[in-house]
Amino acid sequence: MIQSMTGYGKNVIQLPSKKITIELKSLNSKGLDLNARIPSLYREKEMELRNTIASSLKRGKVDFGLYVEITGEETSSAINIPVVKEYIRQLKEVTPEAAESDNNIELMKMAVRLPDALKTERDEIDEEEFKAIAEALDNALKEINKFRTSEGEALEKEFNIRINNIKDLLSQVETLDAERLNAVRERLTKAIADLKENVDENRFEQELIYYLEKLDITEEKVRLANHLDYFISTLKSKDSNGRKLGFICQEIGREINTMGSKANYAPVQQLVVQMKDELEKIKEQILNVL
Numbered sequence: 001m002i003q004s005m006t007g008y009g010k011n012v013i014q015l016p017s018k019k020i021t022i023e024l025k026s027l028n029s030k031g032l033d034l035n036a037r038i039p040s041l042y043r044e045k046e047m048e049l050r051n052t053i054a055s056s057l058k059r060g061k062v063d064f065g066l067y068v069e070i071t072g073e074e075t076s077s078a079i080n081i082p083v084v085k086e087y088i089r090q091l092k093e094v095t096p097e098a099a100e101s102d103n104n105i106e107l108m109k110m111a112v113r114l115p116d117a118l119k120t121e122r123d124e125i126d127e128e129e130f131k132a133i134a135e136a137l138d139n140a141l142k143e144i145n146k147f148r149t150s151e152g153e154a155l156e157k158e159f160n161i162r163i164n165n166i167k168d169l170l171s172q173v174e175t176l177d178a179e180r181l182n183a184v185r186e187r188l189t190k191a192i193a194d195l196k197e198n199v200d201e202n203r204f205e206q207e208l209i210y211y212l213e214k215l216d217i218t219e220e221k222v223r224l225a226n227h228l229d230y231f232i233s234t235l236k237s238k239d240s241n242g243r244k245l246g247f248i249c250q251e252i253g254r255e256i257n258t259m260g261s262k263a264n265y266a267p268v269q270q271l272v273v274q275m276k277d278e279l280e281k282i283k284e285q286i287l288n289v290l
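Position 212 of the sequence shown, counted from 1, bears residue number 212 in the UniProt record's numbering, the numbering being contiguous throughout.
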């Protein structure tokens, strides 16, 4: 079962004094590219959170956000009263007319904007709180993986359609192949006849057989059929493996290209162009597979 690298997961928990939201978004990437937005209080746990995400998501460009909203009386910032009083005193000295009581509110507004007017007290992470965060992360990971699996099912249906289309085109090539070789033989025979030269029939037949062997696409047809079957079996395997499917696509493309270059017959080359079109549609989507 394949998985897409595109996904979204979210989980919200309500603690006594705060609401914590875990959010995960992912897009396709060659490896795991994890961008984390975490409040400074939880930075010491960042590596642990990253490792949990990496072990679950494996690949993709992942945005991880941990958002905290204070809903109770708890706060990590407080007014630095001595500093603010000193700022107000100095402001009154700079502008004596500001000493009037009517301007005290304005002075207060100015003072609290100055450096060190607020002091931040660093709290220790409560272990029970982090346990709840870890559980919320697990739930968000389950949600994003469910999303990825659902997207993977849609991709699998699309791949099956495209591979079956290539198989149908290959069957048409099989039907045209005998006709193609006869057409090549007739074309060469006519070319010799037009030269109005006497030729050694045995030698001509030997050269013709050699030439037709050079144009033979039997091996390419067999290998292409095998690669198409291998692609389908890989789709059905237990683990999602986008890289492996990408490699198989390269082999499919190689056989189709060789077939096209050796065909030397317009109806077959037209079928090859259609095969390439189907393969390109697969390649576009294979980049999203985990």
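Backbone N, C-alpha and C fix where the C-beta goes; we use that ideal spot for every residue, glycine too.
Notebook entry, point to check: Under three-state DSSP, which class holds residue 156?
Noted result: helix
Note to self: Threshold first: 3 residues or longer. Then list the beta strand (DSSP E) segments lying entirely within the UniProt domain "Endoribonuclease YicC-like N-terminal" (2–156), N to C.
What the structure shows: 7–14, 18–27, 32–37, 60–70, 77–79, 118–120
Margin query: Please report the straight-line C-alpha distance between residue 226 and residue 277, rounded to a whole angstrom.
Written below: 19 Å
Next item on the list: Determine the direct distance from the alpha carbon of residue 288 to that of residue 220, and round the result to whole angstroms.
Entry: 28 Å
Check: Is the stretch 13–29 touching the stretch 62–71 in the sense that three or more CB pairs, one from each, lie closer than 8 Å?
Finding: yes
Check: Is residue 240 buried or exposed, if buried means 16 or more other CB atoms sit within 10 Å of its CB?
Finding: buried
Next item on the list: For residue 6, count neighbouring Cβ atoms within 10 angstroms of its own Cβ and tell me buried if that reaches 16, exposed if not.
Entry: buried
Item checked: Limits of the alpha helix (DSSP H) - the one that residue 277 falls within -> 266–286
Checklist line | Run of the alpha helix (DSSP H) containing residue 256, from where it starts to where it stops | finding: 242–263
Check: Quick check: the stretch 130–146 against the stretch 110–117, are there 3 or more CB pairs under 8 Å?
Finding: no
Margin query: Checking the sheet assignment: what are the DSSP bridge partners for residue 289?
Written below: 4
Item checked: Sequence-distant residues of the same chain with beta carbon closer than 8 Å to residue 231, five excluded per side -> 159, 163, 245, 248, 249, 252
Check: Between the beta-carbon of residue 60 and the beta-carbon of residue 140, is there less than 7 Å?
Finding: no
Next item on the list: Mind reading off the beta-carbon distance from residue 167 to residue 235? Whole number of angstroms is fine, and I expect it under 8 Å.
Entry: That belief does not hold up - the Cβ atoms of residue 167 and residue 235 are roughly 14 Å apart, past 8 Å.
Item checked: C-alpha distance - residue 263 paired with residue 216, whole-angstrom precision -> 8 Å
Next item on the list: Indicate the three-state DSSP secondary structure (helix, strand or coil) for residue 176 in the structure shown.
Entry: helix
Margin query: Helix, strand or coil, according to DSSP, for residue 292 in the structure here?
Written below: Look at the range of the chain in this structure, 1 to 290, and you will see that residue 292 is not part of it.
Check: Based on Cα-Cα distance, which residue from 51, 48, 47, 4 lies nearest to residue 30?
Finding: 4
Check: Do you know whose CA, among 88, 285, 15, lies nearest residue 153's CA?
Finding: 285
Next item on the list: Measure the CB-CB distance between residue 242 and residue 279 and report whether it falls below 7 Å.
Entry: no
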